[in-house]
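Numbering (our numbering), first residue to last: 1 to 611.
Cβ coordinates follow ideal geometry from the N, Cα and C atoms, glycine included.
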Ligand code: COA
Ligand code: ADP
């Protein structure tokens with residue numbers, strides 16, 4: 001038994017490796033006209049005192065490569081609007097080579113997302129390793145007559161490009177909400193109060209304060225005399241590093257930078273005023289905040305950017321050093337001290353939920369308002385990633401209802417698909433309300449809405465028959481009148497298309513809720529990734545696909561179908577299809593029910609991000 005499972009896992013891992021190698025090969029062979037490659041040898045003039053590449057210099061190179069890629073697609077001048085969170089995995093030494101690859105993942109109206117990959121190459125050992133991966137948004141500059149320049153769409157060719165293209169819409173949503181999310185979280189009552197009663201050895205925050213001015217000269221600007229975003233980021237990193245060094249009295253290492261947002265442009269001749277201070281010191285890391293303002297010789301200060309950076313200090317053995325505590329300045333400093341604790345929690349959630357491979361995220365993540373946006377992102381992007389896979393195999397077809405399967409990383413997924421005679425937007429509104437599912441899915445015994453998070457995200461409790469074995473060793477199912485039920489706590493995230501050719505998406509995943517612990521009389525089931533995509537088809541029809549990354553709870557329902565022994569997938573899908581066609585027209589009473597009721601500031605912002 002053990003040897004057979006070992007054999008199976010080695011076959012699976014070689015399958016996965018082959019698949020990954022195929023993806024790499026496909027990427028290498030495919031020509032992407034927006035791709036820009038930049039290689040730089042790291043010289044002493046690019047380094048800090050430890051002969052390591054300064055992060056500011058790295059950001060300048062990343063911004064230039066990304067800008068060239070954006071301008072190649074736009075065929076017109078572009079500026080950096082934002083750079084998402086950056087997590088720097090390794091330092092780079094003098095003599096090593098930095099390789100940067102940038103390409104446009106998706107163009108929206110006047111903005112586009114550029115994906116940037118940075119790796120380091122050691123010329124003597126032939127080794128290459130990953131340094132960071134970032135996403136930047138570039139916006140086309142208006143013409144001299146003030147008109148906006150609209151971008152042509154990107155056409156993804158490889159599977160990787162298709163996945164990046166599809167998820168770029170979800171990343172854009174998170175990006176546009178970033179400021180509102182942070183504000184909502186910082187001012188919500190849930191912010192934990194940190195202990196500010198520092199001991200006598202604590203360092204006064206004023207000691208770390210930095211104020212520095214830069215004059216923007218032609219070498220700092222692009223061909224349109226606008227200051228390079230990369231240059232501003234480098235100046236910001238410079239003052240932040242000084243502030244961090246003042247606290248630890250050593251050379252700190254920059255690990256993460258929260259999103260950079262360029263609020264307004266700056267030009268040659270501007271004076272840039274950069275201010276930084278350590279907001280808080282935790283055991284092994286500190287948060288430094290930086291604010292950049294621009295002004296002409298005379299005239300008011302314009303807020304250009306604010307960023308928060310996390311530094312660590314490593315000893316000679318590259319072990320983390322313990323940092324002194326900080327005594328914040330009264331009022332503003334105390335506020336920033338508390339807010340930095342909330343930001344640390346957000347950062348951890350974000351890193352954990354967004355950066356993990358889907359299969360590494362535990363089945364049920366605890367839901368709370370602070371990680372809601374990242375959980376929804378994870379929910380939608382997991383379904384989009386599953387849908388974009390190009391190795392789905394047709395398993396069974398009956399009356400044009402098709403059952404596909406996909407095996408990857410010891411996970412079996414299935415997809416049931418057919419065209420239905422209903423407009424896509426109507427199918428979306430019917431399927432997105434999970435409560436309707438009890439009308440067509442006999443497995444759904446009960447479905448209650450627990451919480452309406454915002455316009456697009458909902459928490460439900462769903463009750464289904466249990467497939468777990470009863471005490472007599474036979475599978476218990478409601479069909480047999482077996483009595484044991486299971487329940488699921490599901491986050492349902494619905495998304496309208498973000499541009500033509502995009503599907504409507506309804507993504508489902510399990511979460512845990514302290515208010516809804518598992519009950520004794522129910523088995524608590526878990527869903528890693530499931531949901532619908534709905535594409536507009538010809539003649540006002542819809543192509544409806546249902547996906548499920550089969551967990552042990554659903555596997556028994558579908559395995560007999562996959563083996564060709566039954567066709568319950570067909571009956572369930574037909575039942576869904578009949579339900580949809582019966583309710584094709586919206587009734588007057590529904591129209592009233594669907595009218596939005598006074599949305600919150602965040603849900604208003606959510607609506608405004610839709611195209
Ligand atoms: N992150 C990503 N994209 C953003 C954004 C942000 N923080 N803020 C705006 N955008 C996008 C919008 O989504 C929109 O994209 P779309 O046309 O594809 O839908 C586009 O930018 C224009 O948005 P709009 O609301 O018309 O413009 P705005 O008045 O908010 O200006 C900038 C946006 C980015 C042009 C403006 O803030 C700016 O000029 N910033 C400085 C840019 C710069 O000079 N950078 C270099 C360093 S100073
Ligand atoms: P906030 O004060 O809400 O954090 P700001 O955009 O005003 O937002 O500032 C961002 C960060 O820049 C602050 O958290 C702080 O670390 C730093 N900063 C702001 N003003 C100063 C200042 N006068 N001196 C030193 N650092 C400052």
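Mind checking whether the beta-carbon of residue i lies closer than 6 Å to any heavy atom of the ligand COA?
i, result
"residue 301", "no"
"residue 109", "yes"
"residue 346", "no"
"residue 146", "no"
"residue 138", "no"
"residue 341", "no"
"residue 79", "yes"
Opposite residue i in the DSSP bridges: which residues?
i, result
"residue 458", "452, 492"
"residue 345", "DSSP lists no partner for residue 345."
"residue 211", "275"
"residue 88", "DSSP lists no partner for residue 88."
"residue 404", "394, 415"
"residue 113", "106, 137"
"residue 532", "506, 546"
"residue 306", "291"
"residue 32", "DSSP, once it has assigned bridges, lists no residue as partnering residue 32."
Alpha carbon to alpha carbon, how far is residue i from residue j?
i, j, result
"residue 347", "residue 513", "21 Å"
"residue 403", "residue 187", "48 Å"
"residue 321", "residue 284", "6 Å"
"residue 418", "residue 490", "25 Å"
"residue 364", "residue 251", "40 Å"
"residue 260", "residue 289", "12 Å"
"residue 239", "residue 247", "13 Å"
"residue 473", "residue 485", "Confidence at residue 473 is low in this model, with a pLDDT of 33, below 50, so the placement of that residue should be treated as unreliable; the coordinate-derived value is given next. Using only the alpha carbons, I get a separation of about 16 Å."
"residue 221", "residue 42", "22 Å"
"residue 114", "residue 446", "44 Å"
"residue 150", "residue 540", "29 Å"
"residue 184", "residue 570", "45 Å"
"residue 405", "residue 537", "23 Å"
"residue 166", "residue 124", "39 Å"
"residue 441", "residue 507", "17 Å"
"residue 543", "residue 394", "16 Å"
"residue 437", "residue 444", "7 Å"
"residue 455", "residue 170", "15 Å"
"residue 500", "residue 140", "21 Å"
"residue 87", "residue 439", "47 Å"
Tell me whether residue i is buried or exposed, calling it buried when 16 or more other Cβ atoms sit within 10 Å of its Cβ.
i, result
"residue 45", "exposed"
"residue 612", "With the chain running from 1 to 611 in the structure shown, residue 612 is simply not present."
"residue 83", "buried"
"residue 75", "exposed"
"residue 280", "buried"
"residue 270", "buried"
"residue 287", "buried"
"residue 143", "exposed"
"residue 315", "exposed"
"residue 80", "buried"
"residue 399", "exposed"
"residue 111", "buried"
"residue 85", "buried"
"residue 148", "exposed"
"residue 258", "buried"
"residue 39", "exposed"
"residue 31", "exposed"
Check whether the Cβ of residue i lies closer than 6 Å to any heavy atom of the ligand ADP, and answer yes or no.
i, result
"residue 101", "no"
"residue 317", "no"
"residue 281", "no"
"residue 291", "yes"
"residue 422", "no"
"residue 88", "no"
"residue 326", "no"
"residue 306", "yes"
"residue 207", "no"
"residue 181", "no"
"residue 242", "no"
"residue 461", "no"
"residue 489", "no"
"residue 232", "no"
"residue 294", "no"
"residue 276", "yes"
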